[in-house]
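Working notes for the structure below.
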Amino acid sequence: MGHFLSAQQQEPSEESSAPQEKVPEEYVNQDVSSPRNLDVDLSDKQLALIGDIPLGVETSNWELTLINRENRIKYDLNWPLETTAGDQLIDQRILRDFNAWAEQAEQDGYPMQLISGFRTIEHQENNFNHTLNGYLSQGYEQEEALEMTYRFQQPPGASEHHTGLAVDIIGQDFHQRGGGLTREFSEEESYSYYLDTMNNHGFILRYPEEKIDITGVYFEPWHYRYVGKENAKFMTEKNLSLEEYHALIEVRDSQLGQE
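full-length UniProt numbering applies: residue 1 is where the sequence shown begins, and numbers increase by one.
Structure (structure tokens):
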């Protein structure tokens, strides 16, 4: 039975030993009442894919919800959530596909360690402040500390974890050896396995190394995003980030509107 997380049911957040200084308002309180997309310059090769976009795909489809630093939310989405076997909350609508992926991975010898799923905006703000204050306590100036924080944390309202459609996973063996959410995970066999099997279950690697200029996020080999099986296969085969896929769909819609 799914449930909704209310403002009074916030999940535990990290505590920082450093003073909790607020993130400057220009980073967290931008007006995002209407959807906005990053400015993505599509190549001719990518534009040629317009006719191949799966039928029925719209940027408004729930599984294609785009949240990033240019397209933030002000309030928690209040979507249906379900607790996984790993005691993490994810969107109820993706639970079956995620469980199937996790079960197949275990059968094939690459059991998953689910580190993180859904996060509230408040939780993300605590995470962001925790990281920022850690750098400030080390003596970094505010601007430099913010720049370093942005490498590894999304500001509140800009994290995909707000949707419940994103999961941070690593291999159980890597986790048992003391590994965490680090680039070193990309050297593991389990990482290669997850890459090879993710789109069969509707997931993509959200922040690939070659897409940093598009996503604005450093390479995260642990961060996977549900977009649906058909979208995942198309995006993986055509090497499209979610930002590029949104831009491609918008160009298609613009062309259709001119016909």
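Positions of the beta carbon are idealized from the N, C-alpha and C atoms, including for glycine.
Nearest to residue i (by Cα), restricted to the options the options
i, options, result
"valine 217", "Gly139, Gln153, Gly56, Leu66", "Gln153"
"proline 54", "Gln255, Leu248, Gly257", "Leu248"
"phenylalanine 118", "Leu77, Arg252, Ser192", "Leu77"
"tyrosine 135", "Trp222, Asp173, Thr149, Glu184", "Thr149"
"histidine 223", "Phe185, Asn231, Lys233, Arg252", "Phe185"
"alanine 100", "Arg252, Pro208, Gly202", "Gly202"
"histidine 162", "Asp44, Arg69, Val40", "Arg69"
"glutamate 58", "Gly257, Glu250, Gln255", "Glu250"
"alanine 48", "Leu256, Glu82, Arg252", "Arg252"
"threonine 197", "Trp79, Glu147, Phe98, Lys45", "Phe98"
"glycine 180", "Arg96, Ile204, Ser192, Glu220", "Glu220"
"tryptophan 62", "Arg151, Gln255, Arg225", "Arg225"
"arginine 93", "Lys233, Met235, Lys229", "Lys229"
"serine 43", "Ile214, Ser254, Gly178", "Ile214"
"valine 167", "Glu188, Glu143, Tyr194", "Tyr194"
"arginine 183", "Val40, Tyr207, Gln46", "Tyr207"
"glycine 211", "Ile121, Met235, Glu106", "Going by the sequence as given, residue 211 is lysine instead of glycine. Among Ile121, Met235, Glu106, the Cα nearest to that of lysine 211 belongs to Met235."
"serine 192", "Thr120, Leu256, Gln176, Asp108", "Asp108"
"alanine 102", "Arg177, Ile169, Gln255", "Ile169"
"glutamate 106", "Asp173, Gln255, Glu125", "Asp173"
"tryptophan 79", "Leu205, Thr120, Gln124", "Thr120"
Assigned secondary structure, residue i (DSSP; H/G/I helix, E/B strand, else coil)
i, result
"tyrosine 197", "It should be noted that the sequence gives threonine, not tyrosine, for residue 197. The answer is helix: DSSP assigns threonine 197 an H, G or I state."
"valine 251", "helix"
"phenylalanine 234", "helix"
"leucine 81", "strand"
"tyrosine 245", "helix"
"leucine 205", "strand"
"tyrosine 218", "coil"
"asparagine 239", "coil"
"glutamate 25", "Unreliable placement is indicated for glutamate 25, whose pLDDT of 44 sits below 50; the coordinate value is still reported in the next sentence. The answer is helix: DSSP assigns glutamate 25 an H, G or I state."
"lysine 229", "helix"
"proline 35", "Low confidence applies to proline 35: its pLDDT is 38, below 50, so where it sits in the model is not reliable enough to give any reading."
"glutamine 30", "Only weak support is given to the placement of glutamine 30: the predicted model assigns it a pLDDT of 35, under 50, and the question is left unresolved by the model."
"leucine 256", "helix"
Supposed close pair residue i, residue j - CB separation, criterion 8 angstroms
i, j, result
"leucine 165", "alanine 145", "At roughly 30 angstroms, the Cβ-Cβ gap does not stay under 8 angstroms, so leucine 165 and alanine 145 are not in contact."
"serine 190", "tyrosine 110", "4 angstroms"
"glutamate 188", "glycine 171", "5 angstroms"
"leucine 64", "asparagine 231", "7 angstroms"
"glutamate 82", "leucine 95", "5 angstroms"
### Task
Can you check the region 143-193 for any beta strand (DSSP E) of at least 3 residues that lies completely inside it and give the ranges in chain order?
List check, beta strand (DSSP E) in window: 166-171.
Legend entry - the region 59-75 / the region 154-174 touching (three or more Cβ pairs under 8 angstroms): Yes, they touch.
Please give me, in chain order, every unbroken run of the alpha helix (DSSP H) with length at least 4 that falls completely inside the region 88-137. The qualifying runs are 95-107, 121-137.
Note to self: Tell me whether the region 107-121 and the region 78-95 touch, counting them as touching only if at least three CB pairs, one residue from each stretch, are closer than 8 angstroms.
What the structure shows: With the cut-off at 8 angstroms, the region 107-121 and the region 78-95 touch.
Using 8 angstroms as the cut-off, can you tell me whether the region 236-246 makes contact with the region 127-142, which would need three or more C-beta pairs spanning the two stretches below that distance? Remark: fewer than three beta-carbon pairs, one from each stretch, lie closer than 8 angstroms, so the region 236-246 and the region 127-142 are not flagged as touching.
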